[in-house]
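First the structure, in the form of structure tokens, and then the observations on it.
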Amino acid sequence: MKTLKLLFLSFLIISLSSCSDDDEPLLDVISNKVTNFHAPQAGGMGQPITGEFAKFSFATGLQSSSSTEWDIGFRGTTIIVNGGTATGTADEPTRNGQGGAYVASGTMASVLDVDTTKFKQDASSALAITTGSGNGWYTYNGQSHVISPTPGKILVFKTHDGLYAKIEILSYYKDSPASPNAFTDPSRYYTFNYIYQPNKGQTSF
Amino acid sequence: MQVIFALLKFALLNNLFLIIVSSIIFFLLFLNHSYAQVSNLEVDSTNVQTLKEVIISATRVERQLSSLPLPATIISKKAISRSNSNTLDQILQSQTGLTTVPDFGGGEGLQMQGLDSQYTLILLNGSPLIGRSAGTFNLKRINLGNIRQIEIVKGASSSLYGSEALAGVINIVTEKPTVGLSNYINYSLSTHNSNDFSYSMNNLLNNTGFDFFFNRNSSDGYDLNENDELMTVDPFVNYTINGSLTYDLKDKTKFSLSTRYYNNVQDNVASSSLKGLSEIDEWNTNFKINYSPNSKWDSFLELYFTNYLAKENLNNLDGSLYDENFYDHSLFKPELRNIYRISNNKIIVGGIGLSIEKLNRTYFEVKPIFKSPYIYIQYDYYPIEDLNLIIGSRFDSHNKYKSQFSPKLALRYKINEKISTKFSLGYGYKAPDFRQLYFDFTNSLVGYSVLGYNVAVESISLMQSQGKISNIIYSLDDLKGELKAENSISFNLGFNYILNSEISFDLNIFRNTIKDLIDTRVIANKTNGQNVFSYYNVNNVFTHGLEFNSKWNPSNSLTINSGFQLLYAKDSDAIKSFNNGEVYARKNPNSPAFQLKKKDYFGLYNRSRTMINININYDLFQENIELNLKGKYRSKYGIIDSNYNNFLDSYDEFVNGYALIDFTLNKKINKKYNVGFGIDNVFDFKDYQNITNISGRIFYAKLNLNFNQ
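Here the protein sequences line up with chains A and B, keeping their order.
If you count by our numbering, then the first sequence holds residues 1 to 205, one letter each, in order.
If you count by our numbering, then the second sequence holds residues 1 to 709, one letter each, in order.
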């Protein structure tokens, strides 16, 4: 009987306290798909890689030309975040936000909570999303030279202003062909799904 | 007793397998004393035909095949000539449980018990053949014109042969001089303008004998995909010359000297503007003295030398050199082997030798030399009349990697006149090869590097000082230990059932548990955005399954042989990843990924779950006409990870299962002439995208002349 009372009491307290928080209603989580996001680069093939990063903002869902209002940047297969320091390659933007990232294993449906302990920022030794085949988001096939997004890799990001988002990259080739040809299909065109949590402090999607 | 305990303790700490074998050895040594000697090495089997078949590579002493406790088969001269096969790949493909896997440039490697070509040792008259391209031994190099028999021993045989004999051993035995001068000419012409010409001469006069063999084999090659500018197999011409001399000195001492030369020249085409040649030169020389003072002792001193030189070049259209590379590998191997027949049912074979290997090639900064002295001993005996036991072991010491101890135990028990059972358990290993230790290669086009294990630290440090390294993933201290030899424990359990003189069955259950498989991993990132790869011990894989053979002779003129292999070849770590739900796939690039289930893991690449073969021989008109019909089926297998999740799973694209049917007709015109006609791949099966070694239907005709005295 005592337990039941206690239970009832705690229920009452929780209900009341919940009500008191409801004065600021939560924004809906944004779920979207970006197609053919172009991320050109120069150099490569044994030469230093150069060229501006194509920057993306989760808040707008569009490419960003601002030097501060961006969350992630793409150049070839390299993905950077707006947080940390430059690795020292040419044409890197200045990180002035609090962004970070980590790679989670799972599907968009299974990665539901952000593990804030896992975030890394870009650093001179390594990027938050590590580069190279099998290290980050893609697998390179040495025979066909095709870059394929590794299934089961979800990239979880902290935006420049401390919010959270997750993306699943689907294709690296223009119009995401079913079996890309590395020699004829234009590459460095990202297609990805993303989910953005626009509410401060919310760590689930 | 204390010694035994100490040994057991040592074994327990090291390897459970060692325990079993060493304790069995001790047990057997004691057991041995308590049995009366029963004479029985010769007699067995109700089948007169198989009684004659003698195998040498399985135990390094002539043994009757039917009583051998190991899974082994022999392909006789007669079977080779009936099949009209010209090269080793053709005849091995028709054996149960064996298949060939295409390699670059039309080469073909052998897959045995689900293990790759690099794990099967190929011997020529008991001495190892070298010259492998990334581990694959191209079976097309061996012409069958002067082959007396081919011996196939399955299961690890490192206890006799050391490195590479992990899946098994193939021994190619050439003709030996026989009394009376004989001359043979063989010629065959087939589709793709493939020509095969052989001449051989053989005689044994008093105490001197010789055998000479010449072969020329050429082809225009073929093209399965007309849409690209490259041919599937480029034109080639090759020559084999083989000579051997034998001399008997007062019955007790025999000398033999044999040498073989092989040369192959093939077009090397990279694109319409880059063309050149690729050439192989191979020498094998074996000098042997056999001394047998009495019927109990046989001593052999063998000096074996072999050299394999491969050269490749590519030229631009204006004739200027674009690229060239070479690979010069040699092996010198002296061995002293003794056979001591204690009694009719006890034989000891022991050997001591030294293997010196050298490699000089492009992409190597060093010219490494491997020196490996070794010793082996084997005891073959019958503790009771129906039980045969073989215990053996070999120790290989090595200057560049860990020394290896390879024990083996095999037994055969004759339950009754109809049923017998065999069991064998052995350790097999493959030493890291030169490439895995010393490769020092940077791709000039893309910029990635591949480093051998032993040169990785030095090369990385050099790249670092040149400012080419951005990030080291594994600390250099991690790379300083020794790369381990790939090793396996091989288990075979077989049953033989002779129903009557017409029908018999063979069943063999096998399992190979392989540890420390060598693979590549990224050890550092370069400033150009590429990676540095090096070799390391990673995977644990296993292959297991069963092999079933049946023989049926409904009449003297008809023989039907059939075989079946069921195979599961998997990576233990991959199974774990699937069990932990860490593997995902995507049905097409626009759909989201989903998690794969345990049952979605298919296994290793290039392995078919089932393989079936059937061989029907029919003789007409007092054996003047021989008909042969062969069929081979391979179930589906995967060759690429088409959904890029690093595993072969049920959502990947597979190569469909297929069947090949061959037909031959050989006719004896008179004592001197034979003619033959045949169609390989009667139904013209082709899969140009996935199977480059099947060229479609092939017609051929052959003529065979012999002048025997």
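Even glycine gets a Cβ: it sits at the ideal position worked out from N, Cα and C.
Please read all numbers here as calculations on a predicted model, not as lab measurements.
The beta strand (DSSP E) spanning residue 80(A) covers which residue range? Position 80 of the first sequence, counted from the start, is the residue given in the question as residue 80(A). Looking at the DSSP string, the run of the beta strand (DSSP E) that includes residue 80(A) is 78-81.
Using 8 Å as the Cβ pair cut-off and three pairs as the minimum, do the stretch 538-546 of chain B and the stretch 512-520 of chain B touch? yes
Cβ neighbours of residue 350(B) in the same chain (closer than 6 Å, five flanking residues each side left out): Within the second sequence, numbered from 1, the residue matching residue 350(B) stands at position 350. Here the set comprises 338 and 377.
Quick one, which of 473(B), 482(B), 467(B) and 445(B) has its alpha-carbon nearest residue 455(B)'s? Here residue 455(B) is taken as the residue at index 455 of the second sequence, counted from 1. When each option's Cα is compared against that of residue 455(B), the closest is 482(B).
Proximity winner among 117(A), 153(A), 90(A) and 84(A), relative to residue 528(B) (alpha-carbon distances): Looking up residue 528(B) in the second sequence gives position 528. Among 117(A), 153(A), 90(A) and 84(A), the Cα nearest to that of residue 528(B) is on 90(A).
Which of the three DSSP states, helix, strand or coil, is assigned to residue 159(A)? Within the first sequence, the letter at position 159 stands for residue 159(A). Coil at residue 159(A), not helix or strand.
Does DSSP put residue 141(B) in a helix, in a strand, or in coil? Residue 141(B) sits at position 141 when you count from the first residue of the second sequence. Note: residue 141(B) maps to helix in three-state DSSP.
Pick from 128(B), 52(B) and 668(B) that is closest to residue 305(B), judged by C-alpha positions: As a working note, residue 305(B) is residue 305 in the second sequence. Per the Cα distances, 128(B).
Report the rounded CA-to-CA distance for residue 82(A) versus residue 484(B), giving the unit in angstroms. Start at 1 with the first residue of the first sequence, and residue 82(A) comes out as number 82. Start at 1 with the first residue of the second sequence, and residue 484(B) comes out as number 484. Each residue's Cα considered, the two are about 44 Å apart.
Whose Cβ in chain A lies nearer than 9 Å to the Cβ of residue 383(B)? Here residue 383(B) is taken as the residue at index 383 of the second sequence, counted from 1. None at all; the shortest Cβ gap to chain A is about 55 Å.
Minimum C-alpha distance to residue 186(B) - residue among 678(B), 486(B), 362(B) and 674(B): The sequence position of residue 186(B) within the second sequence is 186, counting from 1. Selected option, being the one with the closest Cα: 674(B).
First and last residue of the uninterrupted beta strand (DSSP E) at residue 367(B): Against the second sequence, residue 367(B) aligns to sequence position 367. Taken as a continuous stretch (DSSP letters only), residue 367(B) belongs to no beta strand (DSSP E), as it is neither H nor E.
At a cut of 8 Å, does the stretch 322-332 of chain B reach the stretch 297-311 of chain B through at least three beta carbon pairs? yes
Can the beta-carbon of residue 159(B) be found closer than 8 Å to that of residue 394(B)? Working through the second sequence from its first residue, we reach residue 159(B) at position 159. Working through the second sequence from its first residue, we reach residue 394(B) at position 394. Against a cut-off of 8 Å, the Cβ pair of residue 394(B) and residue 159(B) comes out as a contact.
Which one of 668(B), 639(B), 250(B) and 696(B) has the shortest CA to CA distance from residue 103(B)? On the second sequence, position 103 is the one that residue 103(B) refers to. Checking every option, the nearest Cα to that of residue 103(B) belongs to 639(B).
With 8 Å as the C-beta to C-beta threshold (strictly closer), list the residues of the stretch 509-532 of chain B near chain D in chain order. As a matter of chain content, chain D is missing from the structure shown, whose protein chains are A and B.
Residue 180(B) burial status per 10 Å Cβ neighbour count (16 or more: buried): One-based indexing of the second sequence puts residue 180(B) at position 180. Per the 10 Å Cβ criterion, exposed.
So, are the CB atoms of residue 200(B) and residue 146(B) less than 8 Å apart? As a first step, residue 200(B) must be located in the second sequence, where it is residue number 200. As a first step, residue 146(B) must be located in the second sequence, where it is residue number 146. In contact: residue 200(B) and residue 146(B) (Cβ atoms closer than 8 Å).
Run of the alpha helix (DSSP H) containing residue 658(B), from where it starts to where it stops: If you number the second sequence from 1, residue 658(B) lands on position 658. Not the alpha helix (DSSP H): residue 658(B) falls in the beta strand (DSSP E), residues 658-668.
Reference residue 345(B), options 355(B), 360(B), 382(B) and 373(B), closest by Cα: The residue you call residue 345(B) lines up with position 345 of the second sequence. Selected option, being the one with the closest Cα: 382(B).
Let me know the secondary structure DSSP gives residue 127(B) once reduced to three states. Against the second sequence, residue 127(B) aligns to sequence position 127. Residue 127(B) falls in the strand class under three-state DSSP.
Report the option in 104(A), 126(A) and 94(A) whose CA atom is closest to the CA atom of residue 168(A). One-based indexing of the first sequence puts residue 168(A) at position 168. If we check each option's Cα against that of residue 168(A), 104(A) comes out closest.
Below 8 Å between beta carbons: does that hold for residue 91(B) and residue 74(B)? Stepping through the second sequence from its first residue, residue 91(B) is reached at position 91. Stepping through the second sequence from its first residue, residue 74(B) is reached at position 74. Contact: no.
Within-8 Å CB hit, residue 50(A) to chain B: On the first sequence, position 50 is the one that residue 50(A) refers to. No - not a single Cβ of chain B is within 8 Å of the one on residue 50(A).
Taking DSSP as the reference, what is the three-state secondary structure of residue 491(B)? As a position in the second sequence, residue 491(B) is number 491, starting the count at 1. Here residue 491(B) sits in strand by DSSP.
Can you give the Cα-Cα distance for residue 68(B) and residue 155(A), rounded to whole angstroms? Within the second sequence, the letter at position 68 stands for residue 68(B). Within the first sequence, the letter at position 155 stands for residue 155(A). Computed Cα separation, rounded: 60 Å.
Taking a Cβ distance cut-off of 7 Å, strictly less, list which residues of the stretch 69-95 of chain A are near chain B, in chain order. none
Flag residue 36(A) as yes if its beta-carbon sits less than 8 Å from any beta-carbon of chain B, otherwise no. Start at 1 with the first residue of the first sequence, and residue 36(A) comes out as number 36. It does not; no Cβ of chain B falls within 8 Å.
Taking only beta carbons into account, state which residues of the stretch 439-458 of chain B come closer than 7 Å to chain A, listed in chain order. 445, 446 and 447
Reduced DSSP secondary structure (H/G/I, E/B, other) of residue 132(B): What you label residue 132(B) is simply residue 132 of the second sequence in a count that begins at 1. It is coil, neither helix nor strand.
From residue 174(B) to residue 214(B), what distance separates their C-alpha atoms? Start at 1 with the first residue of the second sequence, and residue 174(B) comes out as number 174. Start at 1 with the first residue of the second sequence, and residue 214(B) comes out as number 214. Going by the C-alpha atoms only, they are around 13 Å apart.
For residue 161(B), which residues of its own chain have a beta-carbon under 7 Å away from its beta-carbon, when the five flanking residues on both sides are left out? Numbered from its first residue, the second sequence carries residue 161(B) at position 161. 121 and 169.
Test: residue 151(A) CB closer than 8 Å to a CB of chain B: On the first sequence, position 151 is the one that residue 151(A) refers to. Yes, residue 151(A) counts as interfacial toward chain B.
Taking buried to mean at least 16 other C-beta atoms within 10 Å of its own C-beta, is residue 41(B) buried or exposed? Reading the second sequence from its first residue, position 41 is the one you call residue 41(B). Residue placement at residue 41(B) is flagged as unreliable, the pLDDT there being 40, under the threshold of 50; the coordinate-derived value follows with that caveat. Classification for residue 41(B): buried.
Residues bridged to residue 407(B) (per DSSP): Taking the second sequence and counting its residues from 1, the one referred to as residue 407(B) is at position 407. Per DSSP, 393(B).
With DSSP as the reference, please indicate the residues paired to residue 329(B) in a beta bridge. The count along the second sequence starts at 1 and reaches residue 329(B) at position 329. According to DSSP, residue 329(B) bridges with 308(B) and 359(B).
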